[in-house]
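Report on the following structure.
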């Protein structure tokens, strides 16, 4: 499918992956419909998007847990632009804490946003796409939808559910012979977004981005590429791909490794944090941001530089041995 001139609806567009995705489509000259709870942040994204030549943007403040609000989001997109070519479900929240200490109200809220929000989005999008006879639905899951973690139980549950939803929808579309409607699932590794800063937390320790950290632009590029060439599932980040592959062969070993990794590098051993509900029940103030300050771009660049340096060194070594012969 051609990307340029597409009409793209994005939930969770106020920050993180959703915001980076909106900007990535805007750079391609697409029309973007921006949805999230924060009107102020969405307005900032709109202004960024419309700086790109040919891009148009519509702000629709939306709480994805409200099915009628999500239906209205779809209606406004169609009334204004005539169609929906791409729908990206990216809104997400999380909570850190021992299983028995996380309030049940917070558990329900995470599932409401991360699962029912995607259900509402998928239903609204597919109604339009079935009528059009074409379209692409992209659901943002996570590698924790394959490899679970301690202390983020409900987030992992929600991301497993997103994968299951995508698989079931693909099967129904196959049986309905709706071959021009695609459902794609994206599984990012750790991404440099504000998610950790805004997380609800009951661990007593500050959540930090577990390395290696990748940029939200990397995920956004993957989503744009899926519109061109749809795929069932795509893992973003080499470490994420390695973990997913290894989990299929040695699931017990990967469980143990992930448990230790989370304890050592996902929850700070130096900084404590008071119990709090983060942005679960009320949006964070301000204009939002795509990045969380964890250095995703810089770390990715450094990893690439290191890889190139090693490859150049290895090639030079091979050349020296060849000359010595």
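Residue numbers (full-length UniProt numbering): 1 to 325. The beta carbon of each residue, even a glycine, is placed where N, CA and C say it ideally should be. Being a predicted model, the structure only gives us computed values, none of them experimental.
With a threshold of 16 other beta carbon atoms within 10 Å, residue 38 meets it and is buried.
Inclusion of residue 77 and residue 117 in the CB contact set at 8 Å is not warranted, their separation being larger than that value. In the DSSP assignment, residue 268 falls within the unbroken beta strand (DSSP E) covering 267 to 272. In this chain, the alpha helix (DSSP H) harbouring residue 16 covers 16 to 27. Residue 259 places its beta carbon 8 Å or farther from that of residue 98. Under DSSP, residue 56 takes part in a beta bridge, and its partners are 31.
Of the residues assessed, residue 192 falls on the buried side of the cut-off, its CB having 16 or more other CB atoms within 10 angstroms. Residue 277 and residue 57 have their alpha carbons spaced roughly 31 Å apart.
Under DSSP, residue 11 shares a beta bridge with 35.
A straight-line Cα-Cα distance of about 34 Å links residue 29 and residue 111. Under the criterion of beta carbons closer than 8 Å, residue 36 and residue 11 qualify as touching, at roughly 7 Å. Looking at the backbone, the Cα of residue 126 and that of residue 167 are separated by about 15 Å. Listed in chain order, the non-local C-beta contacts of residue 173 below 6 Å within the same chain comprise 181, local neighbours out to five positions each way being set aside. With fewer than 16 neighbouring CB atoms inside 10 Å of its own CB, residue 176 falls in the exposed class. For residue 114, no pairing in a beta bridge is given by DSSP. As DSSP reads the structure, residue 96 sits in a beta bridge with 201.
For residue 291, no beta strand (DSSP E) segment is defined, and its DSSP state is neither H nor E. 23 is the residue among 3, 9, 6, 23 whose C-alpha sits nearest the C-alpha of residue 291.
Residue 253 and residue 227 have their alpha carbons spaced roughly 35 Å apart. The residues 208, 210, 211, in chain order, have a CB closer than 8 Å to that of residue 265 in the same chain once the five nearest residues on each side in sequence are set aside.
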